[in-house]
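Counting with our numbering, you get residues 1 to 748 for the letters of the sequence shown. Virtual Cβ for every residue (Gly too), placed ideally from N, Cα, C.
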Amino acid sequence: MLMSASAGALAFEFKDATLEAAIEQLEARGLSVLYSSDLVKAEMRVLQAPKSRSPRALLEEIVGPHGIKVAEGPAGSLILTRAPRTQSVATHRAENKLTEVVVTASRYAWVRVPHVSMTRLSDAELHLAPNVGDDPLRTLGRLPGVATSDWSAKLNLRGGVDDELLVRFDGMRLMNPFHLKDFQSIFSAVSPALVGAIDLYAGGFPVSYGDRMSGVLDIHPVRADAQAYREIAVSLYNASAVAAGRFDRGRGDWAVSARRGNLDRVLDWSGMQLGDPVYSDVYAHLAHSVGDSMSLAANLLQFDDDIEFRDSDDEEQARARYRDRYLWVRLDAHPQAALTGSTLLARSDLESVRRGAAEQPGISRGVLDDRRDFTVYSLQTDWSLRTSDAATLEFGAEWRNNEGFYRYRDAAEFDLLLDVQGEVTEPTRAFDIEYRPRGDQYGAYAAINAHVAPPLTVEAGLRWDRSTLVDSDEHWSPRASALLRLNDSSDLRASWGRFIQTQGIDELSASDGVAAFAPAQRADHWLVGIEKRFGDELDLRLEAYSKRYSRLRPRYENILNEVVILPELKPDRVRLAPSRARAYGVELSVRRVRSRPLFWWGSYTWSRAEDIYNRRTVPRAWDQRHALQAGIGWERGHWEASLVGVWRSGSPVFDLAAESGTPIVHANPASGHRLRTYIDVDARIARRFHLGGDSSLTAFLEISNVFNRRNECCTEFELDDESEEPELELESIRSLPLLPSLGVIWRF
Numbered sequence: 001m002l003m004s005a006s007a008g009a010l011a012f013e014f015k016d017a018t019l020e021a022a023i024e025q026l027e028a029r030g031l032s033v034l035y036s037s038d039l040v041k042a043e044m045r046v047l048q049a050p051k052s053r054s055p056r057a058l059l060e061e062i063v064g065p066h067g068i069k070v071a072e073g074p075a076g077s078l079i080l081t082r083a084p085r086t087q088s089v090a091t092h093r094a095e096n097k098l099t100e101v102v103v104t105a106s107r108y109a110w111v112r113v114p115h116v117s118m119t120r121l122s123d124a125e126l127h128l129a130p131n132v133g134d135d136p137l138r139t140l141g142r143l144p145g146v147a148t149s150d151w152s153a154k155l156n157l158r159g160g161v162d163d164e165l166l167v168r169f170d171g172m173r174l175m176n177p178f179h180l181k182d183f184q185s186i187f188s189a190v191s192p193a194l195v196g197a198i199d200l201y202a203g204g205f206p207v208s209y210g211d212r213m214s215g216v217l218d219i220h221p222v223r224a225d226a227q228a229y230r231e232i233a234v235s236l237y238n239a240s241a242v243a244a245g246r247f248d249r250g251r252g253d254w255a256v257s258a259r260r261g262n263l264d265r266v267l268d269w270s271g272m273q274l275g276d277p278v279y280s281d282v283y284a285h286l287a288h289s290v291g292d293s294m295s296l297a298a299n300l301l302q303f304d305d306d307i308e309f310r311d312s313d314d315e316e317q318a319r320a321r322y323r324d325r326y327l328w329v330r331l332d333a334h335p336q337a338a339l340t341g342s343t344l345l346a347r348s349d350l351e352s353v354r355r356g357a358a359e360q361p362g363i364s365r366g367v368l369d370d371r372r373d374f375t376v377y378s379l380q381t382d383w384s385l386r387t388s389d390a391a392t393l394e395f396g397a398e399w400r401n402n403e404g405f406y407r408y409r410d411a412a413e414f415d416l417l418l419d420v421q422g423e424v425t426e427p428t429r430a431f432d433i434e435y436r437p438r439g440d441q442y443g444a445y446a447a448i449n450a451h452v453a454p455p456l457t458v459e460a461g462l463r464w465d466r467s468t469l470v471d472s473d474e475h476w477s478p479r480a481s482a483l484l485r486l487n488d489s490s491d492l493r494a495s496w497g498r499f500i501q502t503q504g505i506d507e508l509s510a511s512d513g514v515a516a517f518a519p520a521q522r523a524d525h526w527l528v529g530i531e532k533r534f535g536d537e538l539d540l541r542l543e544a545y546s547k548r549y550s551r552l553r554p555r556y557e558n559i560l561n562e563v564v565i566l567p568e569l570k571p572d573r574v575r576l577a578p579s580r581a582r583a584y585g586v587e588l589s590v591r592r593v594r595s596r597p598l599f600w601w602g603s604y605t606w607s608r609a610e611d612i613y614n615r616r617t618v619p620r621a622w623d624q625r626h627a628l629q630a631g632i633g634w635e636r637g638h639w640e641a642s643l644v645g646v647w648r649s650g651s652p653v654f655d656l657a658a659e660s661g662t663p664i665v666h667a668n669p670a671s672g673h674r675l676r677t678y679i680d681v682d683a684r685i686a687r688r689f690h691l692g693g694d695s696s697l698t699a700f701l702e703i704s705n706v707f708n709r710r711n712e713c714c715t716e717f718e719l720d721d722e723s724e725e726p727e728l729e730l731e732s733i734r735s736l737p738l739l740p741s742l743g744v745i746w747r748f
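What follows is the structure, encoded as structure tokens:
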């Protein structure tokens, strides 16, 4: 009776409120509602004041005009799904996923999912969290176990190298999806306006994902609801537009998007004469149902960069052009109630041209010319068969046909050499590489997910991978996970698995003189985690992990100065070839969820990431012993605000010692020295203005590094030639200073 009375009072307040806010008010009064942000979008509003008094009927009344129905869910919950008249195959599969049991540990989802998920991060935490460049991947950098740099959008997951992350968009594999690729990869290439949901596996991921060792970033694009959706956004960093809609009585849907980066204009406005970096990306999608059991979609995703950079001393200049184009056709099908699947046929084209020159007196000088072209044809199919109420069989396969072209030429002279393993040993060097690799990559998998007993669910799978880019490079990868429901509010998860990573057609280190592909690398993961829920609002999670790497291929890093325009022409470019590596840690996180107007979260991580050289252990450049992160968000009426703070240990650095009268410098990689502790606070505030109908305007202000703290990101070295005897100096480089950003988002 009290719920009904409360709901009746709320009915008068729902008019013009967002649909999500109205649902959350009902949840606060006892309803348990499960839905996807791909269905209930942030811009949807209650179209008219409801008249019902019971909570269930009130819910049906406010979602009905948007083509959404209310269905019974597990444990007395209610599930929101698309009404049958507009239901697509993609929606059918999404609805099935709402009630799946997530067995795998280390899964983070930027979308509403039931309590069975290991971690539930609301869409508010994705869209409201402040970050540099309106970049969704930078937001993910605040998750436990993720190490990042202010200068790059790339992620190091639980001690792994940044190329160990598999990135997929709508099921399509993206290869190095970043703008300014050879210039720190400052921003990711996926516009935030396209993101409907993100799944991040930080380890122990299922066998359906292959060919990467550390994690999976699976991006689900936004899709139109019953009503058309349009958005125009302009900020300091980007200008973008997206439109989506449905046609043929809801049987088809479409979407288009375009974005241009404003970094070149920011540099002009600031008076910094550092160059002209221009980048953009476009996306197009068209889908239609084929009968009652299939849906066919065609997609285009393209990234373009035209970059000119120079450093403040005019000692380095570079010009580069990049174009990545992905074309794919996707068929989603559910020929039977128990069988669902998808098949994806695609072509990927990657083109790049880079030229540059460097002259740093007393250090080095040189020129380079780098051109690369790749074409990849791929076929991928994934299926799920529910064999009984207690078991589901998943299986699939993929094939990639690769063709590439490398032409790399450089000439360099070094005025000093470093005495460290893997360093150049001659004062002059010249590379002239032209290589046309071709080869195929194959993968296949099968897994069974079964309820062994009422509190226990297990998943066991096996994956096979093979690459002809390297002779006889064939591998098997067994994986297993278990979920034990301790009680209604506590879950225990454990995972073990082997993960293989072959070298992609575009990953050859030609600019470091490498002209042959390396065999696959291997990592073994062990994970165990426990999650405790306190009511519907508080989640507590503790997880421990261990990763053991073997068969590592050499990697190349600038050990003294990583923030340079042409890293290949510097004498601190080092070949790192550890025999093994290991990463392990413990993560503790707590979150207040499904609560308004205030939500918050916090996490602490203790971890180690180390390379092993014949029993000598060296910390990796992104090793973070301690990391503490926290955030708070607030929403009321038309106002939104958030504050995020980060505290973490400084990164390890090399020591230098120069021999008097010689050009040889001794570098110690295991000195134990680190940069200063990193502390950063970012803030965001936004105000939404309702313009009538479905139209709204949101104005926001974001500030990165609110207190303008002088954080150290890395080091740089240069020759001090003002003294009688020139000396080599190693100094820390400041990370990003206080950076404000203003922007507006018009949705209509």
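For Ile500, there is no enclosing alpha helix (DSSP H); the enclosing beta strand (DSSP E) covers residues Ser490 to Gln501.
Taking C-beta atoms as the reference points, Tyr604 and Leu569 fail to come closer than 7 Å.
In this structure the segment 154 to 172 touches the segment 542 to 556; the number of beta carbon pairs closer than 8 Å is three or more. Gln273 sits in coil when the DSSP states are folded into three classes, being neither helix nor strand. For Trp606, the CB contacts under 7 Å within the same chain, skipping 5 residues up- and downstream, are Gly585, Val586, Arg625 and His626 in chain order.
For the pair Asp292 and Gly141, the Cα-to-Cα distance works out to about 41 Å.
Assignment of Pro740 by DSSP, reduced to helix, strand and coil, places it in the strand class. In the DSSP annotation of this structure, the continuous segment of the alpha helix (DSSP H) that includes Ala57 starts and ends at Pro55 to Val63.
Note on Val70: 16 or more other CB atoms within 10 angstroms of its CB, so buried under the neighbour-count rule.
Scanning the segment 525 to 590 for uninterrupted beta strand (DSSP E) segments of 3 residues or longer gives 538 to 550, 555 to 558 and 573 to 576, listed from N- to C-terminal end. Per DSSP, Arg138 is not a residue of any beta strand (DSSP E); the alpha helix (DSSP H) it occupies stretches across Pro136 to Leu140. For His66, there is no enclosing beta strand (DSSP E), as DSSP gives it neither H nor E. Sixteen is the threshold: since fewer than 16 other Cβ atoms of the shown chains lie within 10 Å of the Cβ of Val452, the residue is exposed. Each residue's CA atom was taken as its position, placing Leu286 and His66 some 21 Å apart. For Gly341, the enclosing beta strand (DSSP E) covers residues Leu339 to Gln360.
Per the coordinates, the alpha-carbon of Thr81 lies some 42 Å from the alpha-carbon of Glu351. Partner residues in the beta bridge of Ile745, as assigned by DSSP, are Ala233 and Thr698.
Inclusion of Leu691 and Leu742 in the CB contact set at 7 Å is not warranted, their separation being larger than that value. Uninterrupted beta strand (DSSP E) stretches at least 3 residues long and entirely within the segment 152 to 221 occur at 152 to 157, 165 to 169, 172 to 174, 195 to 201 and 215 to 221, given in chain order. For the alpha helix (DSSP H) assignment, the segment 402 to 436 encloses no uninterrupted run of at least 4 residues. Of the candidates Leu26, Ile68 and Asp488, the residue whose Cα lies closest to the Cα of Pro55 is Leu26. Straight across, the Cα-Cα distance linking Gly633 with Leu598 is about 6 Å. In the DSSP assignment, Gln629 falls within the unbroken beta strand (DSSP E) covering His626 to Arg636.
Per the Cβ contact rule, the segment 246 to 260 is not in contact with the segment 197 to 217 (fewer than 3 Cβ pairs under 8 Å).
Judged by DSSP in its simplified three-state form, Val266 adopts helix. For Leu31, the secondary structure class from DSSP, reduced to helix, strand or coil, is coil.
DSSP places Met294 inside the beta strand (DSSP E), whose first and last residues are Met294 to Arg310. Thr457 and Gly631 have their alpha carbons spaced roughly 33 Å apart. By the CB criterion at 7 Å, Ala22 and Ile62 fall inside the cutoff. Classified as exposed, Trp269 has fewer than 16 neighbouring CB atoms from the shown chains inside 10 Å of its CB. If you draw a straight line from the Cα of Leu155 to the Cα of Pro578, it is about 21 Å long. Annotation: His638 to Thr18 spans about 10 Å, alpha carbon to alpha carbon. In the structure shown, Asp382 falls within a strand segment according to DSSP collapsed to helix, strand and coil. The closest CA to that of Gly245, considering only Leu484, Arg674 and Arg230, is found on Arg230. Spatial neighbours of Glu543 in its own chain (CB-CB distance under 6 Å, excluding positions within 5 residues in sequence) are listed in chain order as Gly529 and Glu587. In the three-state scheme derived from DSSP, where H, G and I count as helix and E and B as strand, Leu19 is classed as helix.
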